[in-house]
Amino acid sequence: MAMRERFGVAMDTDRMVAQFMDMVCVDSESGDEARFMAWLMPRLDELGARSNLDSYGNLIARLPAKGSGAEPLLLSCHGDTVRPGKGIQPVLKDGVIRSSGETILGADDKAGIAEMFEALRIAPIRPPIEIAISRQEEVGLLGVKQLDFSQISARRGFLLDNDTLDTIITGGPSYFAIDATVKGKSAHAGMEPEKGINAIQAASRTIGALRLGRLDQETTANVGIIHGGMIRNGVPDTCTFAAECRSLTHSRGQAVADEMVAVIRREVEAFGAQVTIEVNTLCQASFIADDTWTVRVAQQALSTVGIDARPAVMCGFTDASIYNNHGIEMSVVGIGARLEHSTDEHIHVEDMARSVAMVVEILRLSA
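Each residue of the sequence shown is one higher than the last, beginning at 247 in our numbering.
Shown next as structure tokens:
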């Protein structure tokens, strides 16, 4: 392998890129991560780690300290990807890695895993390391919510799951998932439509009555999925839609969720249909202070690669909200992915190298 200095750190970017490209070729859409977790375990063994799967299928590993007697540090990523994430074929051209097909790339969050692995290979000093790679992050942080925290002793750490390197995420929103099933009455659309109750029409009118988009500086609402009907010439008796709202203030998010439920019920029933509604609070807003230890360490580490990073909150959600609410101080640091959750997702090798150098310095400062 060819080691050369990048951002003051001797690393093998060819090795890291090759491993990342191998990673994204292993399908791991949310809920189907088992093969990828199994693929990771022998690679962790090569790093000197002891790894296992908890009862939910999250991957947990430990590495001994190297030249340090400091307290353990947690490094975390997620192993699942969004759809379409099957049959990914990565292509490296002009220093940029993209998908060659009609799929996402999977840099979110496999680039974070690849960067973490390379940093652990080359770091000359580190504290004891605990690694948690969760499953089903993209569909509501389901994996980290079921994580076996009895296997985690670290009280602070870093989540490698932010896109940009110049921000350190310190907080995220409360997130409410709202699923509605509208029940109308079927009928022949040409012969006797007046005997039916069109569930799609009832749902459409209801969605039109909801306040959607950016409601204020820290609150949003959306309807992202609607399904209904089976045949063109039948009045559909069932329609489902999936809505959400999120806010950086939990009480505000709860109020918007309550309002959305009330509007859905009122509008559907006014149309003469019936509705069942399920609301799930997927995560609760959590924040750490801008001057906490993990934020300061991340800022200092990023300064070594020429980045003046700033703390920020975001309306997306990450596993960090669960860790922080569980008493583990977690900052979210960047991996360099761009246009994630789209088929235009890509990542620059130079940004991956910056992230590796950042993690190596985090390990040094933590030791």
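Beta carbons: idealized from backbone N, C-alpha and C, even for Gly.
Note that the structure is predicted; figures quoted are calculated from it, not measured.
With the cut-off set at 8 Å, would you say residue i and residue j are in Cβ contact?
i	j	result
residue 406	residue 579	yes
residue 548	residue 555	yes
residue 259	residue 489	no
residue 371	residue 332	no
residue 565	residue 324	yes
residue 309	residue 375	yes
residue 525	residue 503	yes
residue 611	residue 365	no
residue 531	residue 495	yes
residue 581	residue 412	no
residue 360	residue 266	yes
residue 574	residue 358	no
residue 424	residue 591	no
residue 252	residue 583	no
residue 274	residue 613	no
residue 337	residue 595	no
Return helix, strand or coil for residue i, following the three-state DSSP convention.
i	result
residue 302	coil
residue 440	helix
residue 311	coil
residue 432	coil
residue 575	strand
residue 231	Here the chain covers residues 247 to 613 and nothing more, so residue 231 does not appear.
residue 425	strand
residue 540	helix
residue 607	helix
residue 614	Summary: the structure shown does not reach residue 614, with the chain confined to residues 247 through 613, and so no result is reported for it.
residue 338	strand
residue 549	helix
residue 255	strand
residue 559	strand
residue 329	coil
residue 583	strand
residue 593	strand
residue 568	helix
residue 420	strand
Please name the residue, chosen from the options, that lies closest to residue i on a Cα-to-Cα basis.
i	options	result
residue 477	436, 300, 504	436
residue 516	465, 487, 428, 498	428
residue 618	505, 526, 276	The structure shown has nothing for residue 618, since the chain only spans 247 to 613.
residue 487	569, 583, 475, 586	475
residue 426	317, 448, 494	448
residue 568	253, 594, 358, 395	395
residue 248	414, 368, 586	368
residue 601	590, 363, 352, 320	363
residue 588	257, 295, 353, 253	353
residue 576	593, 535, 514	535
residue 318	351, 397, 550, 483	397
residue 606	591, 508, 585, 543	543
residue 455	408, 508, 479	508
residue 415	591, 545, 585	545
residue 255	584, 563, 551	551
residue 297	288, 289, 307	307
residue 321	287, 280, 373	373
residue 327	384, 492, 613, 442	384
residue 484	445, 513, 590	445
residue 279	292, 290, 262, 299	299
residue 561	479, 464, 510, 595	464
residue 450	408, 514, 295, 292	514
residue 510	294, 452, 339	452
residue 480	443, 473, 491, 471	443
residue 433	533, 482, 316	482
residue 493	512, 527, 257	527
residue 355	335, 393, 409	409
residue 282	382, 473, 316, 261	382
Can a CB atom of chain D be found closer than 8 Å to the CB of residue i?
i	result
residue 537	In summary, chain D is missing from the structure at hand, where a single protein chain is found.
Heavy atom of the ligand HEM less than 7 Å from the Cβ of residue i, yes or no?
i	result
residue 440	Judged by which ligands are present, the structure shown has none, so any question about the ligand HEM falls away.
- Task: Can you check the region 453–528 for any beta strand (DSSP E) of at least 3 residues that lies completely inside it and give the ranges in chain order?
- Result: The qualifying runs are 459–462, 465–474, 484–493.
- Message: Three or more C-beta pairs under 8 Å: does that hold for the region 269–289 against the region 334–343?
- Response: In short, these stretches touch, since the Cβ pair count reaches three.
- Would you call the region 496–504 and the region 410–426 in contact, with 3 or more CB pairs under 8 Å? Inter-segment contact for the region 496–504 and the region 410–426 is present: three or more beta-carbon pairs are separated by less than 8 Å.
- If you scan the region 353–411 from start to end, which runs of the beta strand (DSSP E) of 3 or more residues do you find wholly inside it? The DSSP assignment places 375–380, 402–408 as complete runs of the beta strand (DSSP E) inside the region 353–411, in order along the chain (cut-off: 3 residues).
- Which full runs of the alpha helix (DSSP H) of 4+ residues lie inside the region 265–298, going along the chain? Within the region 265–298, the complete alpha helix (DSSP H) runs of at least 4 residues fall at 280–292.
- Message: Below 8 Å, how does it come out for the region 389–400 and the region 298–313: are there three or more Cβ pairs, yes or no?
- Response: With a cut-off of 8 Å on Cβ pairs, the region 389–400 is in contact with the region 298–313, counting three or more such pairs.
- Message: With three or more C-beta pairs closer than 8 Å as the rule, is the region 459–469 touching the region 513–530?
- Response: At 8 Å Cβ cutoff, the stretches do not touch.
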